[in-house]
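Just so we're aligned, residue 38 is where the sequence shown starts under the numbering used here, counting upward by one.
Just so you know, even glycine gets a beta-carbon here, dropped at the ideal spot from N, CA and C.
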Amino acid sequence: MKTTRTPFLVVNKEKSPRKDVYGSIDDSVVRQAQLIRTDEDSRTAFVGMHPIGSPAYLPAFSHLARLGLHVVAGGTRYTTGDAGLQMENALLDLAALIRETKERLGYERVVLVGWSGGGSLIAAYQAEAEHKTITHTAAGEPSVIADTEFLRADGVVLMASHRSRHHLLTDFLDPSIQDEDRPDERDPELNIYDPANPNKPPYSPEFVQKYRLAQLDRNRRITARVRERYDRMQSTGRPHDEYCFVVHGTMADLRWLDPAIDPNDRVPGWSYLGDPRIANDASSGLARFCTTRGWLSQWSIDDAQVDAIDAAPRITVPVLVVTNSADDACPASHQRDFFERVASESKVSAVIKGANHYFSGDGEQRQYLDEAVESVLAWGTDNDLLI
38 MKTTRTPFLV VNKEKSPRKD VYGSIDDSVV RQAQLIRTDE DSRTAFVGMH PIGSPAYLPA
98 FSHLARLGLH VVAGGTRYTT GDAGLQMENA LLDLAALIRE TKERLGYERV VLVGWSGGGS
158 LIAAYQAEAE HKTITHTAAG EPSVIADTEF LRADGVVLMA SHRSRHHLLT DFLDPSIQDE
218 DRPDERDPEL NIYDPANPNK PPYSPEFVQK YRLAQLDRNR RITARVRERY DRMQSTGRPH
278 DEYCFVVHGT MADLRWLDPA IDPNDRVPGW SYLGDPRIAN DASSGLARFC TTRGWLSQWS
338 IDDAQVDAID AAPRITVPVL VVTNSADDAC PASHQRDFFE RVASESKVSA VIKGANHYFS
398 GDGEQRQYLD EAVESVLAWG TDNDLLI
């Protein structure tokens with residue numbers, strides 16, 4: 038069916054002495070959104086958001102609209118870049134979008150749809166809507182979340198999603214970088230892209246354990262540097278200052294080279310960003326450009342607060358988890374663990390056999406996309422969410 042796209046802005050005022058994004062005017066926080074729909078009427082909106090970038094043109098959201106569903110796809114305030122992204126603010130942005138969907142657009146029901154990194158965002162939002170726990174940012178600064186109304190959604194859909202940005206990055210970090218100030222000096226026994234590395238796939242359990250511990254250690258070393266810098270700014274009368282830095286080597290997950298690790302149907306030697314060896318140091322890599330507050334809120338394994346699996350026990354509304362069996366971005370274990378922990382008594386898991394992360398490439402990926410969105414439609418019908 039033919040769809041129309043109606044763009045709109047979600048704007049409110051937030052007083053802050055520091056601007057985290059380029060182009061903001063005065064105290065205005067501006068988010069871009071689109072309503073995508075056919076001529077068919079509906080009082081249910083499927084609302085999607087991703088921490089960076091609007092999902093409006095992602096295949097799943099456009100396809101949901103073609104089935105006759107009304108889709109509201111919005112971006113956070115960080116659509117121009119995630120260096121300074123604080124996930125607590127992303128939750129506030131989603132809260133604002135849901136209020137607009139109900140109060141301005143007039144929808145009676147809201148179903149949250151999170152694809153990829155949007156999954157952890159919507160799961161955390163729904164958990165906070167059902168039971169608030171967040172009062173401060175990951176840096177320890179007060180957040181208005183506690184005083185902001187989070188309207189509860191009527192259902193939650195996670196599609197090809199991961200549990201959190203901080204867990205995903207930790208599994209991506211290149212542990213061969215021992216000194217952040219000398220990123221070109223790499224331990225050959227931990228550098229999986231070095232031909233001289235004696236450890237080859239399939240990797241031994243001993244090497245996997247050593248590698249994962251080294252990744253965790255690197256995350257914590259970076260966090261220690263960030264905390265030291267942040268504390269220094271606080272103690273020298275610069276509480277609103279920020280520090281920016283680069284993180285090299287962020288696409289070195291063992292999964293890319295060894296299909297036996299967190300196995301699924303993905304293609305070995307490949308990733309959602311292409312050749313993982315090249316992506317490891319490319320400008321497009323995860324967490325490449327950071328700030329102190331952004332690191333603590335998004336990437337620090339010990340400080341970040343937005344985690345779908347931690348949120349799962351607080352979510353009681355109907356839940357659908359869609360897993361792409363050839364996902365070349367998000368670990369299959371993240372979706373399984375979320376499904377097992379979610380408190381909802383009405384939860385469904387759907388596996389799309391053969392689908393990669395973006396439903397991209399030639400062949401049958403379009404068919405897999407059809408299957409994925411049809412599973413959402415069927416689930417919504419079964420749970421009386423479509424009105």
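query: Just to confirm, are residue 153 and residue 97 a CB contact at a threshold of 7 Å?
result: no
- request: For the beta strand (DSSP E) holding residue 442, just list the boundary residues, first then last.
  value: The requested residue 442 does not occur in the structure, where the chain is confined to residues 38 to 424.
- request: Mark residue 183 as exposed unless 16 or more other C-beta atoms lie within 10 angstroms of its C-beta, in which case mark it buried.
  value: exposed
- request: Thinking residue 58 and residue 117 are a contact (beta carbons under 8 Å), I'd like their distance in whole angstroms, please.
  value: 6 Å
task: Indicate the three-state DSSP secondary structure (helix, strand or coil) for residue 329 in the structure shown.
output: helix
- request: With DSSP collapsed to three states, give me the class of residue 110.
  value: strand
query: What number of angstroms, rounded off, separates the C-alpha of residue 214 from the C-alpha of residue 257?
result: 13 Å
message: Measuring only the C-alpha atoms, how far is residue 323 from residue 386?
response: 28 Å
- request: Just confirm the distance between the C-beta atoms of residue 350 and residue 192, as a whole number of angstroms; I'd bet it's less than 8 Å.
  value: Not confirmed; about 17 Å, so no contact.
message: Suppose the cutoff is 6 Å on Cβ atoms and the five residues either side in sequence are ignored; what does the same chain contact list for residue 309 look like?
response: 365, 366 and 394
query: What are the start and end residues of the beta strand (DSSP E) that includes residue 196?
result: 192-196
query: Which residue from 353, 390 and 155 puts its Cα closest to that of residue 111?
result: 155
- prompt: Which two residues bound the contiguous alpha helix (DSSP H) that contains residue 386?
  reply: Looking at the DSSP string, residue 386 is not in any alpha helix (DSSP H); the run it does join, the beta strand (DSSP E), is 384-389.
query: So with Cβ pairs under 7 Å, would you call residue 394 a contact of chain C?
result: The structure shown contains no chain C; it holds only a single protein chain.
field: N- and C-terminal bounds of the alpha helix (DSSP H) containing residue 402
entry: 402-419
query: Got a sec? Which residues, its chain only, sit under 8 Å from residue 107 by beta carbon, not counting five neighbours each side?
result: 72, 73, 74, 79, 81, 82, 83 and 144
- request: Using only alpha-carbon positions, find the residue among 418, 419, 422 and 388 that is nearest to residue 406.
  value: 388
task: Please determine if the stretch 38-56 and the stretch 130-143 are in contact, where contact requires at least 3 C-beta pairs separated by less than 8 Å.
output: yes
message: With a threshold of 6 Å on Cβ separation, who are the neighbours of residue 87 within its own chain once the five nearest residues in sequence on each side are excluded?
response: 154 and 155
- prompt: Skipping 5 residues on each side, what residues in its chain have a beta carbon closer than 6 Å to that of residue 162?
  reply: 128 and 131
- prompt: Using DSSP with H/G/I as helix, E/B as strand and the rest coil, what is residue 92?
  reply: helix
message: Assuming the contact rule is C-beta atoms closer than 8 Å, residue 280 and residue 328 should be a hit. Round their C-beta distance to whole Å, please.
response: 7 Å
Nearest-angstrom Cα separation, counted from residue 302 out to residue 369: 10 Å
task: Name the residue from 231, 219, 205 and 409 whose alpha carbon lies nearest to the alpha carbon of residue 315.
output: 231
message: Measuring only the C-alpha atoms, how far is residue 100 from residue 68?
response: 23 Å
query: Do residue 64 and residue 56 have their CB atoms nearer than 7 Å?
result: no
- request: Pull up the distance between the alpha-carbon of residue 362 and that of residue 297, whole angstroms please.
  value: 14 Å
query: Between the Cα of residue 288 and the Cα atoms of 276, 342, 211 and 357, which residue gives the shortest distance?
result: 211
task: With a 10 Å radius around its C-beta and 16 neighbouring C-beta atoms as the bar for buried, classify residue 243 as buried or exposed.
output: exposed
task: Can you tell me which of 105, 291, 137 and 90 puts its alpha carbon nearest to the alpha carbon of residue 114?
output: 90
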